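Chemist: Taken in order, the sequence shown gives residues 291 to 582; the numbers are from the numbering used here.
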Amino acid sequence: MVPWGEAKVHVMSHALHYGTSVFEGIRCYHNTDTDEAVVFRLEDHMKRLHNSAKIAHMELPYSVEELCQATVDIIKANKLKSCYIRPLAYYGYGQMGVDPTGAPVDVIIAVWPWDAYLGEEALENGVSVGISSWRQRSFNAIPPAVKSTASYMNSILAKLEAKEHGYAEAIMLNEVGHVCEGTGENLFIVRNGVLSTPPLSDGLLEGITRDTVLCLADDLEIPAVEESLTRSDLYIADEVFMTGSAAELTPVGSVDGRVIGKPGEITRALQDRFFDLVYGRIDEYADWLTEV
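1) Name the DSSP bridge partner or partners of residue 478?
2) Output the distance between the C-alpha atoms of residue 381 and residue 525, rounded to the nearest integer angstrom.
3) I'd like the list of long-range same chain contacts for residue 349, defined as Cβ closer than 8 Å, with 5 residues on each side in sequence excluded.
4) Could you tell me the alpha carbon to alpha carbon distance between residue 377 and residue 494, rounded to whole angstroms?
5) Curious, which full-length alpha helix (DSSP H) runs of at least 4 residues does the region 373–458 contain?
6) Assess, as a yes-or-no matter, whether the region 435–454 is touched by the region 473–484 under the definition of 3 or more beta carbon pairs within less than 8 Å.
7) Beta-carbon within less than 6 Å of residue 541's beta-carbon, same chain only, minus the 5 sequence neighbours each way: which residues are those?
8) Distance, Cα to Cα, residue 304 vs residue 385?
9) Pairing CB atoms from the region 320–339 with CB atoms from the region 353–363, are three or more of them under 8 Å?
10) What does a CB cutoff of less than 7 Å around residue 312 pick up in its chain, not counting 5 residues either side in sequence?
11) For residue 254, which of helix, strand or coil comes out of DSSP?
12) DSSP three-state call for residue 472: helix, strand or coil?
13) For the putative contact between residue 516 and residue 489, defined by C-beta atoms under 8 Å, what is the C-beta separation to the nearest angstrom?
14) Can you list, in chain order, the residues of its chain with a C-beta nearer than 6 Å to that of residue 321? Leave out the 5 residues immediately preceding and following it.
15) Helix, strand or coil for residue 348? Go by DSSP, reduced to three states.
16) Using C-beta distances below 8 Å, list every residue in its chain close to residue 566, excluding the 5 sequence neighbours before and after it, in chain order.
17) Roughly how many angstroms separate the alpha carbons of residue 314 and residue 388, rounded to a whole number?
18) For the region 540–570, which segments carrying the alpha helix (DSSP H) assignment without a break, of at least 4 residues, lie completely within its bounds, in sequence order?
19) Please name the residue, chosen from 492, 418, 446, that lies closest to residue 430 on a Cα-to-Cα basis.
20) Kindly indicate which residue of 498, 549, 308 has the alpha-carbon position closest to the one of residue 535.
21) If we ignore side chains and look at the alpha-carbon of each, how far apart do residue 537 and residue 549 end up?
22) Could you give the residue range of the alpha helix (DSSP H) that holds residue 486?
23) Looking only at its chain, what residues have a beta carbon closer than 8 Å to the beta carbon of residue 297, apart from the 5 residues adjacent to it on each side?
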(Lines of atoms letter the chains of each structure in order from A and count residues from 1; the text may use other names and numbers.)
(Lines give C-alpha, C1' and ligand atoms only; values in the text may rest on other atoms or scores of the structure.)
Protein backbone atom coordinates (compact mmCIF):
# COMPACT_ATOMS: atom_id res chain seq x y z
CA MET A 1 0.00 0.00 0.00
CA VAL A 2 1.42 3.35 -1.08
CA PRO A 3 -0.05 6.70 0.06
CA TRP A 4 -1.55 8.63 -2.88
CA GLY A 5 0.98 11.46 -2.67
CA GLU A 6 3.91 9.05 -2.62
CA ALA A 7 2.86 6.96 -5.65
CA LYS A 8 5.62 7.81 -8.13
CA VAL A 9 7.45 6.38 -11.14
CA HIS A 10 10.82 7.26 -12.61
CA VAL A 11 10.81 9.78 -15.48
CA MET A 12 12.85 7.30 -17.54
CA SER A 13 10.26 4.55 -17.26
CA HIS A 14 9.90 2.82 -20.61
CA ALA A 15 6.11 3.19 -20.67
CA LEU A 16 6.33 6.96 -20.31
CA HIS A 17 8.39 7.19 -23.49
CA TYR A 18 6.84 4.47 -25.64
CA GLY A 19 3.35 3.76 -24.29
CA THR A 20 4.27 0.20 -23.32
CA SER A 21 1.52 -0.51 -20.84
CA VAL A 22 -1.81 -2.30 -20.64
CA PHE A 23 -4.68 -1.45 -18.34
CA GLU A 24 -8.27 -1.99 -17.28
CA GLY A 25 -11.16 0.14 -16.05
CA ILE A 26 -13.41 -1.45 -13.41
CA ARG A 27 -16.19 -0.18 -11.18
CA CYS A 28 -17.11 -0.92 -7.59
CA TYR A 29 -20.71 -0.20 -6.58
CA HIS A 30 -22.34 0.37 -3.20
CA ASN A 31 -25.12 -2.15 -2.60
CA THR A 32 -27.28 -0.10 -0.25
CA ASP A 33 -29.47 -3.10 0.61
CA THR A 34 -26.54 -4.89 2.26
CA ASP A 35 -24.27 -1.85 2.76
CA GLU A 36 -21.59 -3.82 0.90
CA ALA A 37 -19.16 -2.68 -1.77
CA VAL A 38 -19.30 -4.99 -4.80
CA VAL A 39 -16.90 -5.05 -7.77
CA PHE A 40 -18.46 -5.80 -11.14
CA ARG A 41 -16.88 -8.65 -13.16
CA LEU A 42 -13.53 -8.25 -11.44
CA GLU A 43 -12.14 -11.62 -12.53
CA ASP A 44 -13.16 -11.04 -16.16
CA HIS A 45 -11.35 -7.71 -16.19
CA MET A 46 -8.18 -9.19 -14.73
CA LYS A 47 -8.30 -12.02 -17.27
CA ARG A 48 -8.53 -9.43 -20.03
CA LEU A 49 -5.54 -7.59 -18.54
CA HIS A 50 -3.57 -10.84 -18.73
CA ASN A 51 -4.72 -11.36 -22.33
CA SER A 52 -3.63 -7.84 -23.29
CA ALA A 53 -0.23 -8.46 -21.71
CA LYS A 54 0.14 -11.80 -23.50
CA ILE A 55 -0.53 -10.26 -26.90
CA ALA A 56 1.94 -7.47 -26.08
CA HIS A 57 4.70 -9.97 -25.08
CA MET A 58 4.55 -8.67 -21.51
CA GLU A 59 4.77 -11.20 -18.69
CA LEU A 60 2.76 -10.09 -15.68
CA PRO A 61 4.33 -10.94 -12.29
CA TYR A 62 0.93 -11.56 -10.67
CA SER A 63 -1.83 -14.09 -11.32
CA VAL A 64 -5.46 -13.21 -11.96
CA GLU A 65 -6.28 -14.36 -8.43
CA GLU A 66 -3.56 -12.20 -6.88
CA LEU A 67 -4.72 -9.14 -8.82
CA CYS A 68 -8.32 -9.70 -7.72
CA GLN A 69 -7.29 -10.02 -4.07
CA ALA A 70 -5.10 -6.93 -4.30
CA THR A 71 -8.06 -4.99 -5.69
CA VAL A 72 -10.25 -6.00 -2.75
CA ASP A 73 -7.45 -5.11 -0.33
CA ILE A 74 -6.89 -1.63 -1.77
CA ILE A 75 -10.60 -0.80 -1.71
CA LYS A 76 -10.75 -1.87 1.93
CA ALA A 77 -7.66 0.18 2.77
CA ASN A 78 -9.28 3.27 1.27
CA LYS A 79 -12.57 2.54 3.07
CA LEU A 80 -14.57 3.10 -0.12
CA LYS A 81 -18.03 1.73 -0.83
CA SER A 82 -18.05 2.84 -4.48
CA CYS A 83 -15.10 3.71 -6.69
CA TYR A 84 -13.35 3.39 -10.04
CA ILE A 85 -10.50 0.90 -10.25
CA ARG A 86 -7.48 1.28 -12.52
CA PRO A 87 -5.09 -1.68 -12.82
CA LEU A 88 -2.07 -0.81 -14.97
CA ALA A 89 0.88 -3.00 -15.98
CA TYR A 90 3.81 -1.20 -17.54
CA TYR A 91 7.46 -1.47 -18.44
CA GLY A 92 9.32 0.54 -15.83
CA TYR A 93 12.77 2.02 -15.45
CA GLY A 94 15.71 0.00 -16.71
CA GLN A 95 15.76 0.16 -20.49
CA MET A 96 15.64 2.81 -23.20
CA GLY A 97 14.89 2.34 -26.87
CA VAL A 98 11.93 0.73 -28.60
CA ASP A 99 12.91 -2.76 -27.41
CA PRO A 100 11.65 -3.10 -23.80
CA THR A 101 13.64 -6.28 -23.10
CA GLY A 102 15.27 -5.95 -19.71
CA ALA A 103 12.86 -3.39 -18.33
CA PRO A 104 10.88 -4.57 -15.29
CA VAL A 105 7.12 -5.09 -15.56
CA ASP A 106 5.55 -3.05 -12.77
CA VAL A 107 1.89 -3.28 -11.78
CA ILE A 108 -0.25 -0.74 -9.94
CA ILE A 109 -3.87 -0.72 -8.86
CA ALA A 110 -5.41 2.64 -7.97
CA VAL A 111 -8.94 3.32 -6.70
CA TRP A 112 -10.79 6.61 -6.31
CA PRO A 113 -14.35 7.98 -6.24
CA TRP A 114 -15.52 8.74 -9.81
CA ASP A 115 -19.05 9.55 -10.85
CA ALA A 116 -20.64 8.92 -14.25
CA TYR A 117 -17.96 9.31 -16.95
CA LEU A 118 -20.07 11.52 -19.24
CA GLY A 119 -22.09 13.02 -16.40
CA GLU A 120 -25.26 12.08 -14.51
CA GLU A 121 -27.37 14.12 -16.92
CA ALA A 122 -25.96 12.08 -19.80
CA LEU A 123 -27.23 8.87 -18.20
CA GLU A 124 -30.69 10.40 -17.99
CA ASN A 125 -31.02 12.43 -21.19
CA GLY A 126 -28.26 11.25 -23.52
CA VAL A 127 -25.32 12.94 -25.21
CA SER A 128 -24.53 14.40 -28.61
CA VAL A 129 -21.87 12.57 -30.61
CA GLY A 130 -20.09 13.10 -33.91
CA ILE A 131 -18.37 10.82 -36.41
CA SER A 132 -14.63 11.41 -36.13
CA SER A 133 -12.30 11.96 -39.05
CA TRP A 134 -9.84 9.71 -37.20
CA ARG A 135 -10.22 6.03 -38.09
CA GLN A 136 -9.84 3.26 -35.54
CA ARG A 137 -6.70 1.13 -35.61
CA SER A 138 -6.62 -2.02 -37.74
CA PHE A 139 -5.83 -5.61 -36.73
CA ASN A 140 -2.41 -5.25 -38.33
CA ALA A 141 -1.52 -2.14 -36.36
CA ILE A 142 -2.23 -2.29 -32.61
CA PRO A 143 -4.61 -5.25 -32.13
CA PRO A 144 -8.06 -4.21 -30.86
CA ALA A 145 -7.86 -6.97 -28.23
CA VAL A 146 -4.99 -5.14 -26.50
CA LYS A 147 -6.23 -2.49 -24.10
CA SER A 148 -3.02 -0.46 -24.18
CA THR A 149 -2.18 3.13 -23.39
CA ALA A 150 -0.49 3.43 -26.79
CA SER A 151 -3.70 2.72 -28.71
CA TYR A 152 -5.58 5.39 -26.76
CA MET A 153 -3.70 8.20 -28.51
CA ASN A 154 -6.17 7.53 -31.31
CA SER A 155 -9.05 7.97 -28.88
CA ILE A 156 -7.54 11.18 -27.53
CA LEU A 157 -7.32 12.69 -31.02
CA ALA A 158 -10.94 11.76 -31.72
CA LYS A 159 -12.14 13.04 -28.33
CA LEU A 160 -10.44 16.42 -28.74
CA GLU A 161 -11.84 16.77 -32.26
CA ALA A 162 -15.33 16.00 -30.96
CA LYS A 163 -15.03 18.63 -28.25
CA GLU A 164 -13.88 21.21 -30.79
CA HIS A 165 -17.03 20.50 -32.80
CA GLY A 166 -19.29 20.80 -29.77
CA TYR A 167 -19.94 17.09 -29.23
CA ALA A 168 -19.65 15.23 -25.94
CA GLU A 169 -18.18 12.14 -27.57
CA ALA A 170 -16.83 10.79 -30.86
CA ILE A 171 -17.57 7.67 -32.85
CA MET A 172 -14.76 6.19 -34.92
CA LEU A 173 -15.15 4.21 -38.11
CA ASN A 174 -12.77 1.43 -39.09
CA GLU A 175 -10.53 1.48 -42.15
CA VAL A 176 -13.30 0.28 -44.50
CA GLY A 177 -15.81 2.78 -43.15
CA HIS A 178 -17.89 0.60 -40.84
CA VAL A 179 -18.89 1.90 -37.43
CA CYS A 180 -16.35 0.73 -34.86
CA GLU A 181 -16.64 2.27 -31.38
CA GLY A 182 -16.43 5.44 -29.31
CA THR A 183 -13.24 6.78 -27.78
CA GLY A 184 -13.73 4.53 -24.77
CA GLU A 185 -17.06 2.83 -25.37
CA ASN A 186 -18.77 0.19 -27.47
CA LEU A 187 -21.87 1.15 -29.44
CA PHE A 188 -25.42 -0.20 -29.82
CA ILE A 189 -28.37 0.88 -31.94
CA VAL A 190 -32.04 -0.10 -31.93
CA ARG A 191 -34.14 -0.17 -35.09
CA ASN A 192 -37.59 -1.69 -35.42
CA GLY A 193 -37.22 -3.35 -32.03
CA VAL A 194 -33.94 -5.11 -32.87
CA LEU A 195 -30.73 -4.38 -30.96
CA SER A 196 -27.57 -4.23 -33.13
CA THR A 197 -23.90 -3.82 -32.29
CA PRO A 198 -20.79 -4.05 -34.49
CA PRO A 199 -19.02 -7.44 -34.44
CA LEU A 200 -15.56 -7.83 -32.93
CA SER A 201 -14.28 -8.54 -36.44
CA ASP A 202 -14.85 -4.85 -37.28
CA GLY A 203 -11.94 -3.90 -34.99
CA LEU A 204 -13.45 -2.97 -31.64
CA LEU A 205 -12.41 -3.81 -28.10
CA GLU A 206 -14.13 -6.88 -26.67
CA GLY A 207 -16.02 -4.87 -24.11
CA ILE A 208 -17.10 -6.52 -20.87
CA THR A 209 -20.05 -4.15 -20.52
CA ARG A 210 -20.91 -4.87 -24.17
CA ASP A 211 -21.04 -8.58 -23.36
CA THR A 212 -23.15 -7.82 -20.30
CA VAL A 213 -25.71 -5.89 -22.34
CA LEU A 214 -26.03 -8.76 -24.83
CA CYS A 215 -26.75 -11.10 -21.90
CA LEU A 216 -29.33 -8.69 -20.48
CA ALA A 217 -31.01 -8.36 -23.87
CA ASP A 218 -31.43 -12.13 -23.90
CA ASP A 219 -32.96 -11.95 -20.41
CA LEU A 220 -35.48 -9.36 -21.61
CA GLU A 221 -36.17 -11.25 -24.86
CA ILE A 222 -34.92 -8.34 -26.94
CA PRO A 223 -33.74 -9.57 -30.37
CA ALA A 224 -30.00 -8.80 -30.65
CA VAL A 225 -27.57 -9.19 -33.55
CA GLU A 226 -23.91 -8.45 -34.16
CA GLU A 227 -23.63 -6.85 -37.60
CA SER A 228 -21.57 -4.27 -39.43
CA LEU A 229 -23.08 -0.79 -39.30
CA THR A 230 -22.61 2.32 -41.43
CA ARG A 231 -22.90 5.90 -40.30
CA SER A 232 -26.27 6.07 -42.04
CA ASP A 233 -27.50 3.30 -39.73
CA LEU A 234 -26.77 5.62 -36.81
CA TYR A 235 -28.65 8.53 -38.38
CA ILE A 236 -31.87 6.57 -38.88
CA ALA A 237 -31.74 4.48 -35.70
CA ASP A 238 -34.66 4.61 -33.29
CA GLU A 239 -32.28 4.46 -30.32
CA VAL A 240 -28.52 4.64 -29.83
CA PHE A 241 -26.45 4.10 -26.71
CA MET A 242 -22.83 3.56 -25.66
CA THR A 243 -21.45 1.10 -23.13
CA GLY A 244 -18.28 0.79 -21.07
CA SER A 245 -17.03 0.41 -17.52
CA ALA A 246 -16.62 4.18 -17.25
CA ALA A 247 -19.61 5.21 -19.40
CA GLU A 248 -21.81 2.39 -18.05
CA LEU A 249 -24.87 2.59 -20.33
CA THR A 250 -25.14 6.11 -21.74
CA PRO A 251 -27.87 7.03 -24.26
CA VAL A 252 -27.05 9.03 -27.39
CA GLY A 253 -29.42 11.89 -28.25
CA SER A 254 -27.97 12.92 -31.60
CA VAL A 255 -25.35 11.85 -34.15
CA ASP A 256 -23.75 14.49 -36.38
CA GLY A 257 -26.69 16.76 -35.61
CA ARG A 258 -29.27 14.16 -36.60
CA VAL A 259 -31.67 13.95 -33.65
CA ILE A 260 -32.24 10.50 -32.20
CA GLY A 261 -34.31 11.83 -29.33
CA LYS A 262 -34.84 10.93 -25.69
CA PRO A 263 -33.70 7.50 -24.49
CA GLY A 264 -36.12 4.93 -25.86
CA GLU A 265 -37.97 2.01 -24.31
CA ILE A 266 -35.29 -0.61 -25.02
CA THR A 267 -32.44 1.63 -23.87
CA ARG A 268 -34.29 2.37 -20.63
CA ALA A 269 -35.11 -1.30 -20.02
CA LEU A 270 -31.49 -2.35 -20.52
CA GLN A 271 -30.17 0.57 -18.47
CA ASP A 272 -32.51 -0.24 -15.56
CA ARG A 273 -31.56 -3.93 -15.61
CA PHE A 274 -27.86 -3.09 -15.89
CA PHE A 275 -27.94 -0.96 -12.76
CA ASP A 276 -30.02 -3.56 -10.93
CA LEU A 277 -27.30 -6.06 -11.82
CA VAL A 278 -24.26 -4.02 -10.76
CA TYR A 279 -25.89 -2.97 -7.50
CA GLY A 280 -26.53 -6.61 -6.62
CA ARG A 281 -30.29 -6.72 -7.05
CA ILE A 282 -30.40 -9.67 -9.50
CA ASP A 283 -29.60 -12.97 -7.84
CA GLU A 284 -28.79 -14.90 -11.02
CA TYR A 285 -25.81 -12.62 -11.69
CA ALA A 286 -24.33 -12.87 -8.19
CA ASP A 287 -21.26 -14.64 -9.59
CA TRP A 288 -20.35 -11.47 -11.49
CA LEU A 289 -20.04 -9.49 -8.26
CA THR A 290 -17.09 -9.64 -5.87
CA GLU A 291 -17.96 -8.53 -2.35
CA VAL A 292 -15.44 -6.29 -0.64
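From the three backbone atoms N, C-alpha and C, an ideal C-beta is built for every residue, glycine too. The structure presented is a predicted model; accordingly, all values stated were derived computationally and were not measured.
Modeler: A quick look at the data gives this:
1) Residue 478 is bridged to 531.
2) Residue 381 and residue 525 have their C-alpha atoms some 42 Å from each other.
3) Closer than 8 Å at the Cβ level, and outside the excluded window around residue 349, lie 343, 395.
4) Each residue's alpha carbon lies about 21 Å from the other.
5) List check, alpha helix (DSSP H) in window: 410–415, 442–454.
6) Contact annotation: the region 473–484 touches the region 435–454, with at least three C-beta pairs closer than 8 Å.
7) Excluding sequence neighbours, residue 541 sits near 416, 531, 553, 557.
8) Straight through space, the alpha carbons of residue 385 and residue 304 are spaced by roughly 6 Å.
9) Yes, since at least three Cβ pairs between the region 320–339 and the region 353–363 fall closer than 8 Å, the two stretches touch.
10) When the five nearest sequence neighbours on each side are left out, the beta carbons in the same chain lying within less than 7 Å of the beta carbon of residue 312 are those of 339, 342, 343, 346, 348, 379, 436, 437, 438, in order along the chain.
11) In this structure the chain extends from 291 to 582, so residue 254 is not present and cannot be described.
12) DSSP places residue 472 in strand when its eight states are reduced to three.
13) Between the beta-carbon of residue 516 and that of residue 489 there is about 4 Å, and that keeps the pair under the 8 Å contact cut.
14) Leaving aside the five residues that flank residue 321 on each side, the residues in its chain whose CB is nearer than 6 Å to its CB run, in chain order, 328, 569, 570.
15) In the structure shown, residue 348 sits in coil (DSSP, three-state: anything other than H, G, I, E or B).
16) If we look at residue 566 and ignore the five residues flanking it on each side, its Cβ neighbours are 572.
17) Taking the straight line from one Cα to the other gives about 23 Å.
18) Listed in chain order, the complete alpha helix (DSSP H) runs (minimum 4 residues) inside the region 540–570 are 555–568.
19) Comparing Cα positions, the closest option is 492.
20) With distances taken between Cα atoms, residue 535 lies closest to 498.
21) Cα to Cα, the separation comes out at about 21 Å.
22) Judged by DSSP secondary structure, residue 486 falls outside any alpha helix (DSSP H) and instead within the beta strand (DSSP E) spanning 484–487.
23) For residue 297, where only same-chain residues beyond five positions count, the Cβ hits under 8 Å are 398, 400.
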